[in-house]
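Inspection log for the structure reproduced underneath, given as structure tokens.
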């Protein structure tokens with residue numbers, strides 16, 4: 024019985040690690056893609072850089088907080 028409970032605890036720890044890791048990976052990919060699109064947009068229209076930068080940092084904070 025103790026071996027069974029130890030097995031469940033081990034698998035639970037692995038599952039929790041995967042959930043946290045994959046959630047962080049998704050946020051990192053989202054911020055990376057958004058940063059790349061910001062660079063593209065700023066290169067195409069430099070006059071909108073301040074407005075785009077404000078929106079990018081706002082969205083990056085919201086993605087990171089979620």
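In my numbering, the protein residues as written are 24 to 89.
A virtual CB, placed ideally from N, CA and C, is assigned to each residue, including glycine.
Since this is a predicted model, take the numbers as computed values, not measurements.
**Request:** Whole angstroms is fine: what's the gap from residue 87's alpha carbon to residue 78's?
**Result:** 14 Å
**Asked** Taking the alpha helix (DSSP H) that residue 71 falls in, what are its first and last residues?
**Response** Looking at the DSSP string, residue 71 is not in any alpha helix (DSSP H), and its letter there is neither H nor E.
**Prompt:** Does DSSP classify residue 24 as helix, strand or coil?
**Reply:** coil
**Message:** Below 8 Å, how does it come out for the region 30-41 and the region 52-64: are there three or more Cβ pairs, yes or no?
**Reply:** no
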